[in-house]
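Just so we're aligned: 275 in full-length UniProt numbering is position 275 of the sequence shown, and the numbers increase by one with no gaps anywhere.
A virtual CB, placed ideally from N, CA and C, is assigned to each residue, including glycine.
Here the structure is a predicted model, which means the values were calculated and not measured.
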Amino acid sequence: MNGKILVTGGAGYIGSFIVRKLKEAGFDVLIVDSLIHGHPEAVPGFELVKIDLVTEKDKLDELLGKEKFAGVIHMAAFIQMGESYEKPGMYFRNNVVGSLNLLETMAKHGVSNFVFSSSAGVYGEPENIPIKEDDPKDPANPYGETKLIVERMLPWFDQAHGLKFISIRYFNAAGAALDGSIGADQPNESHIIPRALVAVLKGEKFTLFGGDYQTVDGTCVRDYVHVLDLAEAHVLALKALMGGAESNFYNAGYGQGYSNKQIVGMIKKVTGLDLKVEIGPRRPGDTAALVASIDKIKADFGWEPKYGLKEIIESAYLWHKNHPDGYKG
(Lines of atoms letter the chains of each structure in order from A and count residues from 1; the text may use other names and numbers.)
(Lines give C-alpha, C1' and ligand atoms only; values in the text may rest on other atoms or scores of the structure.)
Protein backbone atom coordinates (compact mmCIF):
# COMPACT_ATOMS: atom_id res chain seq x y z
CA MET A 1 0.00 0.00 0.00
CA ASN A 2 1.37 3.39 -0.98
CA GLY A 3 1.31 6.57 1.03
CA LYS A 4 3.30 8.36 3.67
CA ILE A 5 1.79 8.55 7.14
CA LEU A 6 2.56 11.24 9.71
CA VAL A 7 2.60 9.89 13.27
CA THR A 8 2.70 12.52 16.01
CA GLY A 9 4.13 11.25 19.28
CA GLY A 10 5.55 8.33 17.33
CA ALA A 11 8.59 8.04 19.61
CA GLY A 12 6.36 7.47 22.63
CA TYR A 13 5.20 4.20 24.19
CA ILE A 14 2.22 3.36 21.97
CA GLY A 15 3.52 5.34 19.01
CA SER A 16 6.69 3.24 18.77
CA PHE A 17 4.52 0.14 18.23
CA ILE A 18 2.21 1.88 15.74
CA VAL A 19 5.07 3.02 13.48
CA ARG A 20 6.35 -0.58 13.30
CA LYS A 21 2.88 -1.90 12.42
CA LEU A 22 2.56 0.75 9.71
CA LYS A 23 5.93 -0.23 8.25
CA GLU A 24 4.90 -3.92 8.28
CA ALA A 25 1.73 -2.92 6.41
CA GLY A 26 3.77 -1.24 3.66
CA PHE A 27 3.43 2.42 4.63
CA ASP A 28 6.19 5.00 4.67
CA VAL A 29 6.27 6.71 8.07
CA LEU A 30 7.41 10.10 9.29
CA ILE A 31 7.40 10.74 13.04
CA VAL A 32 6.81 14.16 14.56
CA ASP A 33 7.64 14.26 18.26
CA SER A 34 8.57 17.02 20.71
CA LEU A 35 10.75 14.43 22.52
CA ILE A 36 9.52 15.79 25.86
CA HIS A 37 8.53 12.21 26.71
CA GLY A 38 9.44 10.38 23.49
CA HIS A 39 12.57 8.28 22.99
CA PRO A 40 14.45 8.31 19.66
CA GLU A 41 16.03 5.03 20.84
CA ALA A 42 12.58 3.41 20.54
CA VAL A 43 12.34 4.13 16.80
CA PRO A 44 15.73 3.51 15.17
CA GLY A 45 15.61 3.65 11.39
CA PHE A 46 12.48 5.83 11.27
CA GLU A 47 12.44 9.38 9.93
CA LEU A 48 11.90 11.67 12.93
CA VAL A 49 11.36 15.43 12.97
CA LYS A 50 11.43 17.27 16.30
CA ILE A 51 8.42 19.61 16.41
CA ASP A 52 6.36 20.87 19.34
CA LEU A 53 2.78 21.05 18.06
CA VAL A 54 1.90 23.81 20.55
CA THR A 55 4.78 26.26 20.00
CA GLU A 56 6.08 25.34 16.53
CA LYS A 57 3.03 25.45 14.28
CA ASP A 58 5.16 27.19 11.65
CA LYS A 59 7.46 24.15 11.41
CA LEU A 60 4.44 21.87 11.10
CA ASP A 61 3.04 24.10 8.35
CA GLU A 62 6.36 23.94 6.51
CA LEU A 63 6.47 20.14 6.82
CA LEU A 64 2.91 19.60 5.53
CA GLY A 65 3.58 22.06 2.71
CA LYS A 66 6.67 20.13 1.67
CA GLU A 67 5.59 16.50 2.19
CA LYS A 68 2.45 14.80 0.88
CA PHE A 69 0.76 12.69 3.56
CA ALA A 70 -1.95 10.10 2.93
CA GLY A 71 -3.02 10.22 6.59
CA VAL A 72 -2.14 11.26 10.13
CA ILE A 73 -2.15 9.26 13.37
CA HIS A 74 -2.18 11.70 16.27
CA MET A 75 -0.65 10.23 19.42
CA ALA A 76 1.12 13.27 20.87
CA ALA A 77 -0.36 14.14 24.28
CA PHE A 78 0.34 14.38 27.98
CA ILE A 79 -1.38 11.38 29.56
CA GLN A 80 -0.95 11.35 33.34
CA MET A 81 -4.35 11.66 35.00
CA GLY A 82 -2.97 12.70 38.40
CA GLU A 83 -0.65 15.31 36.91
CA SER A 84 -3.58 16.74 34.96
CA TYR A 85 -5.24 17.58 38.29
CA GLU A 86 -2.16 19.47 39.46
CA LYS A 87 -1.47 21.19 36.12
CA PRO A 88 -4.73 21.47 34.20
CA GLY A 89 -3.53 24.46 32.18
CA MET A 90 -0.52 22.54 30.91
CA TYR A 91 -2.80 19.67 29.82
CA PHE A 92 -5.34 21.88 28.03
CA ARG A 93 -2.55 23.78 26.29
CA ASN A 94 -0.62 20.70 25.18
CA ASN A 95 -3.46 18.32 24.34
CA VAL A 96 -6.09 20.72 23.01
CA VAL A 97 -4.04 23.54 21.45
CA GLY A 98 -1.56 21.05 19.99
CA SER A 99 -4.41 19.09 18.40
CA LEU A 100 -6.07 22.26 17.10
CA ASN A 101 -2.81 23.42 15.50
CA LEU A 102 -2.46 20.03 13.82
CA LEU A 103 -6.06 19.97 12.55
CA GLU A 104 -5.84 23.54 11.21
CA THR A 105 -2.60 22.73 9.41
CA MET A 106 -4.05 19.54 7.95
CA ALA A 107 -7.11 21.45 6.73
CA LYS A 108 -4.90 24.14 5.17
CA HIS A 109 -2.93 21.56 3.19
CA GLY A 110 -5.88 19.31 2.31
CA VAL A 111 -4.73 16.34 4.40
CA SER A 112 -7.49 13.96 5.52
CA ASN A 113 -7.62 10.48 7.11
CA PHE A 114 -7.03 11.38 10.76
CA VAL A 115 -6.76 8.68 13.44
CA PHE A 116 -7.01 10.18 16.91
CA SER A 117 -5.64 8.66 20.08
CA SER A 118 -8.52 9.20 22.52
CA SER A 119 -9.26 7.61 25.88
CA ALA A 120 -11.82 5.80 27.99
CA GLY A 121 -11.33 8.85 30.20
CA VAL A 122 -13.98 10.64 28.12
CA TYR A 123 -16.69 8.57 29.84
CA GLY A 124 -15.90 9.35 33.49
CA GLU A 125 -17.82 7.21 35.98
CA PRO A 126 -19.80 4.95 33.62
CA GLU A 127 -23.52 4.30 33.94
CA ASN A 128 -23.15 0.86 32.32
CA ILE A 129 -20.53 -1.89 32.17
CA PRO A 130 -19.38 -2.70 29.54
CA ILE A 131 -19.22 0.84 28.13
CA LYS A 132 -20.57 1.44 24.63
CA GLU A 133 -19.44 4.27 22.36
CA ASP A 134 -22.71 6.20 22.62
CA ASP A 135 -22.83 6.08 26.44
CA PRO A 136 -22.74 9.44 28.30
CA LYS A 137 -19.45 11.39 28.38
CA ASP A 138 -18.56 13.11 31.66
CA PRO A 139 -14.79 13.09 32.28
CA ALA A 140 -13.66 12.74 35.90
CA ASN A 141 -10.33 14.52 35.37
CA PRO A 142 -8.73 17.21 33.17
CA TYR A 143 -6.89 14.63 31.04
CA GLY A 144 -10.18 13.00 30.01
CA GLU A 145 -11.67 16.44 29.41
CA THR A 146 -8.88 17.33 26.96
CA LYS A 147 -9.60 14.20 24.94
CA LEU A 148 -13.33 14.92 24.86
CA ILE A 149 -12.75 18.51 23.72
CA VAL A 150 -10.67 17.28 20.78
CA GLU A 151 -13.31 14.65 19.95
CA ARG A 152 -15.91 17.43 19.82
CA MET A 153 -13.77 19.41 17.38
CA LEU A 154 -13.45 16.56 14.91
CA PRO A 155 -16.96 16.47 13.37
CA TRP A 156 -16.78 20.23 12.77
CA PHE A 157 -13.48 19.86 10.87
CA ASP A 158 -15.07 17.03 8.89
CA GLN A 159 -18.10 19.19 8.07
CA ALA A 160 -16.05 22.25 7.10
CA HIS A 161 -13.03 20.64 5.42
CA GLY A 162 -13.95 17.02 4.66
CA LEU A 163 -11.34 15.93 7.19
CA LYS A 164 -12.37 12.32 7.82
CA PHE A 165 -11.43 10.89 11.22
CA ILE A 166 -11.59 7.83 13.43
CA SER A 167 -11.21 8.36 17.16
CA ILE A 168 -10.00 5.33 19.12
CA ARG A 169 -10.83 5.40 22.82
CA TYR A 170 -8.15 3.34 24.52
CA PHE A 171 -8.86 1.56 27.72
CA ASN A 172 -5.64 0.57 29.59
CA ALA A 173 -2.80 0.09 27.12
CA ALA A 174 -0.20 -2.27 28.55
CA GLY A 175 2.48 -4.79 27.65
CA ALA A 176 5.66 -4.67 25.60
CA ALA A 177 7.22 -6.26 22.54
CA LEU A 178 7.04 -10.03 22.95
CA ASP A 179 10.86 -10.22 22.89
CA GLY A 180 11.11 -7.43 25.46
CA SER A 181 12.92 -5.10 23.04
CA ILE A 182 10.64 -2.06 23.41
CA GLY A 183 8.16 -1.07 26.09
CA ALA A 184 6.93 1.60 28.47
CA ASP A 185 9.48 4.18 29.64
CA GLN A 186 7.45 7.12 30.89
CA PRO A 187 8.30 9.65 33.61
CA ASN A 188 6.19 9.57 36.78
CA GLU A 189 4.57 6.30 35.71
CA SER A 190 1.07 5.99 37.16
CA HIS A 191 -0.18 2.77 35.53
CA ILE A 192 -0.38 -0.28 37.77
CA ILE A 193 1.38 -2.92 35.65
CA PRO A 194 4.69 -1.06 35.05
CA ARG A 195 4.62 0.34 38.60
CA ALA A 196 4.08 -3.10 40.14
CA LEU A 197 6.70 -4.78 37.94
CA VAL A 198 9.33 -2.20 38.87
CA ALA A 199 8.42 -2.70 42.55
CA VAL A 200 8.62 -6.50 42.36
CA LEU A 201 11.98 -6.38 40.56
CA LYS A 202 13.41 -4.00 43.17
CA GLY A 203 11.83 -5.81 46.11
CA GLU A 204 9.99 -2.65 47.12
CA LYS A 205 6.60 -2.23 48.78
CA PHE A 206 3.77 -1.48 46.35
CA THR A 207 0.78 0.76 47.03
CA LEU A 208 -2.68 0.17 45.59
CA PHE A 209 -4.77 3.32 45.44
CA GLY A 210 -8.06 2.65 47.22
CA GLY A 211 -9.58 -0.51 48.65
CA ASP A 212 -13.16 0.60 49.22
CA TYR A 213 -14.61 0.75 45.70
CA GLN A 214 -17.89 -1.02 44.89
CA THR A 215 -16.11 -3.76 42.96
CA VAL A 216 -15.43 -7.48 43.33
CA ASP A 217 -12.68 -6.93 45.91
CA GLY A 218 -12.77 -3.20 46.69
CA THR A 219 -10.03 -2.23 44.22
CA CYS A 220 -10.42 -0.50 40.83
CA VAL A 221 -11.34 -2.65 37.83
CA ARG A 222 -9.79 -1.88 34.45
CA ASP A 223 -9.75 -3.32 30.94
CA TYR A 224 -6.19 -4.02 29.73
CA VAL A 225 -5.36 -4.13 26.02
CA HIS A 226 -1.95 -5.19 24.70
CA VAL A 227 -0.12 -2.39 22.94
CA LEU A 228 0.46 -4.70 19.93
CA ASP A 229 -3.31 -5.16 19.56
CA LEU A 230 -3.84 -1.43 19.94
CA ALA A 231 -1.28 -0.71 17.22
CA GLU A 232 -3.11 -3.13 14.90
CA ALA A 233 -6.39 -1.26 15.57
CA HIS A 234 -4.78 1.99 14.36
CA VAL A 235 -3.58 0.46 11.12
CA LEU A 236 -7.04 -1.02 10.46
CA ALA A 237 -8.67 2.35 11.20
CA LEU A 238 -6.30 4.15 8.84
CA LYS A 239 -6.91 1.62 6.06
CA ALA A 240 -10.67 1.98 6.57
CA LEU A 241 -10.46 5.77 6.17
CA MET A 242 -8.28 5.44 3.07
CA GLY A 243 -10.90 3.05 1.70
CA GLY A 244 -13.66 5.64 2.12
CA ALA A 245 -15.02 4.88 5.61
CA GLU A 246 -17.06 7.58 7.30
CA SER A 247 -15.85 9.37 10.43
CA ASN A 248 -16.55 7.45 13.63
CA PHE A 249 -15.64 6.72 17.27
CA TYR A 250 -14.51 3.32 18.61
CA ASN A 251 -13.58 1.72 21.91
CA ALA A 252 -10.43 -0.41 22.00
CA GLY A 253 -9.99 -2.72 24.98
CA TYR A 254 -9.93 -6.44 25.67
CA GLY A 255 -13.59 -6.48 26.66
CA GLN A 256 -12.91 -7.90 30.12
CA GLY A 257 -12.03 -6.20 33.41
CA TYR A 258 -9.51 -7.13 36.08
CA SER A 259 -9.26 -5.66 39.57
CA ASN A 260 -6.00 -4.23 40.87
CA LYS A 261 -5.72 -7.16 43.29
CA GLN A 262 -6.16 -9.59 40.39
CA ILE A 263 -3.35 -7.77 38.54
CA VAL A 264 -1.08 -8.18 41.56
CA GLY A 265 -1.96 -11.89 41.71
CA MET A 266 -1.08 -12.38 38.03
CA ILE A 267 2.21 -10.49 38.47
CA LYS A 268 3.18 -12.79 41.35
CA LYS A 269 2.25 -15.83 39.24
CA VAL A 270 4.15 -14.72 36.13
CA THR A 271 7.30 -13.52 37.92
CA GLY A 272 7.39 -16.10 40.70
CA LEU A 273 8.32 -13.22 43.00
CA ASP A 274 6.57 -11.86 46.06
CA LEU A 275 5.06 -8.38 45.93
CA LYS A 276 4.49 -6.63 49.24
CA VAL A 277 1.23 -4.71 48.85
CA GLU A 278 -0.34 -1.98 50.97
CA ILE A 279 -3.66 -0.23 50.39
CA GLY A 280 -3.35 3.55 50.18
CA PRO A 281 -5.96 6.29 49.75
CA ARG A 282 -7.92 6.68 46.53
CA ARG A 283 -6.43 8.84 43.79
CA PRO A 284 -8.56 11.80 42.76
CA GLY A 285 -10.30 11.16 39.43
CA ASP A 286 -10.12 7.35 39.60
CA THR A 287 -13.40 5.66 38.69
CA ALA A 288 -14.44 2.30 40.16
CA ALA A 289 -14.61 0.33 36.90
CA LEU A 290 -13.90 0.89 33.20
CA VAL A 291 -14.55 -2.04 30.86
CA ALA A 292 -15.07 -1.69 27.11
CA SER A 293 -17.70 -3.05 24.82
CA ILE A 294 -15.66 -3.80 21.69
CA ASP A 295 -18.55 -5.08 19.57
CA LYS A 296 -18.45 -2.05 17.25
CA ILE A 297 -14.75 -2.19 16.35
CA LYS A 298 -15.01 -5.98 15.89
CA ALA A 299 -17.96 -5.60 13.53
CA ASP A 300 -16.55 -2.72 11.46
CA PHE A 301 -12.84 -3.65 11.25
CA GLY A 302 -12.75 -7.34 12.15
CA TRP A 303 -10.37 -6.35 14.96
CA GLU A 304 -9.95 -8.89 17.72
CA PRO A 305 -7.39 -8.61 20.54
CA LYS A 306 -4.90 -11.50 20.37
CA TYR A 307 -3.12 -11.08 23.69
CA GLY A 308 -4.65 -11.45 27.14
CA LEU A 309 -3.53 -10.33 30.59
CA LYS A 310 -0.95 -13.11 31.00
CA GLU A 311 0.82 -12.16 27.75
CA ILE A 312 0.63 -8.47 28.69
CA ILE A 313 2.39 -9.08 32.00
CA GLU A 314 4.89 -11.60 30.59
CA SER A 315 6.03 -9.17 27.87
CA ALA A 316 6.12 -6.17 30.23
CA TYR A 317 8.09 -8.19 32.79
CA LEU A 318 10.66 -9.14 30.14
CA TRP A 319 11.01 -5.48 29.12
CA HIS A 320 11.44 -4.15 32.67
CA LYS A 321 13.80 -6.98 33.65
CA ASN A 322 16.03 -6.34 30.62
CA HIS A 323 15.75 -2.53 30.77
CA PRO A 324 15.63 -1.50 34.46
CA ASP A 325 16.47 2.08 33.48
CA GLY A 326 14.33 2.15 30.35
CA TYR A 327 15.92 3.19 27.07
CA LYS A 328 18.82 4.89 28.84
CA GLY A 329 19.89 1.59 30.41
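{"Check": "Check the C-beta distance from L154 over to S247 and give it rounded, since I have them as a contact under 8 Å.", "Outcome": "7 Å"}
{"Check": "With burial defined as no fewer than 16 other Cβ atoms inside 10 Å of the residue's Cβ, what is the status of V216: buried or exposed?", "Outcome": "exposed"}
{"Check": "Looking at the structure shown, is Y258 part of a helix, part of a strand, or coil, going by DSSP?", "Outcome": "strand"}
{"Check": "I need the DSSP call for Y85, collapsed to helix, strand or coil.", "Outcome": "helix"}
{"Check": "Assuming W303 contacts A176 under a Cβ cut-off of 8 Å, what Cβ separation, rounded to an integer in Å, is found between them?", "Outcome": "The pair is not a contact, with the Cβ atoms about 20 Å apart (cut-off 8 Å)."}
{"Check": "Helix, strand or coil: which one does DSSP assign to A237?", "Outcome": "helix"}
{"Check": "Quick check on DSSP: helix, strand or coil for T207?", "Outcome": "strand"}
{"Check": "So within the region 28 to 115, which uninterrupted beta strand (DSSP E) runs reach at least 3 residues, ignoring any that extend past its ends?", "Outcome": "28 to 33, 47 to 50, 71 to 74"}
{"Check": "With burial defined as no fewer than 16 other Cβ atoms inside 10 Å of the residue's Cβ, what is the status of N94: buried or exposed?", "Outcome": "buried"}
{"Check": "Quick one: Cα of R283 to Cα of E47, how far?", "Outcome": "39 Å"}
{"Check": "First and last residue of the alpha helix (DSSP H) that includes S181?", "Outcome": "No alpha helix (DSSP H) contains S181, which DSSP labels as neither H nor E."}
{"Check": "What number of angstroms, rounded off, separates the C-alpha of T219 from the C-alpha of I129?", "Outcome": "16 Å"}
{"Check": "Within its chain, find whatever has a CB closer than 6 Å to the CB of T287; leave out the 5 residues flanking it on each side and keep chain order.", "Outcome": "E125, A140"}
{"Check": "So P142 and Y213 are in contact, right, with Cβ under 8 Å, and what is the actual spacing, rounded?", "Outcome": "Actually they are not in contact, since the Cβ atoms of P142 and Y213 sit about 21 Å apart, beyond 8 Å."}
{"Check": "Inspect the CB distances between the region 62 to 72 and the region 251 to 270 and report whether three or more fall short of 8 Å.", "Outcome": "no"}
{"Check": "Tell me the DSSP secondary structure of H226 in three-state form.", "Outcome": "strand"}
{"Check": "Quick check on DSSP: helix, strand or coil for R282?", "Outcome": "coil"}
{"Check": "Quick one: Cα of S293 to Cα of F27, how far?", "Outcome": "30 Å"}
{"Check": "Going straight from the alpha carbon of G132 to that of E189, what length do you get?", "Outcome": "This sequence places Lys at residue 132; Gly is not what is there. So the two alpha carbons sit approximately 28 Å from each other."}
{"Check": "Straight-line CA distance for K296 to E86?", "Outcome": "35 Å"}
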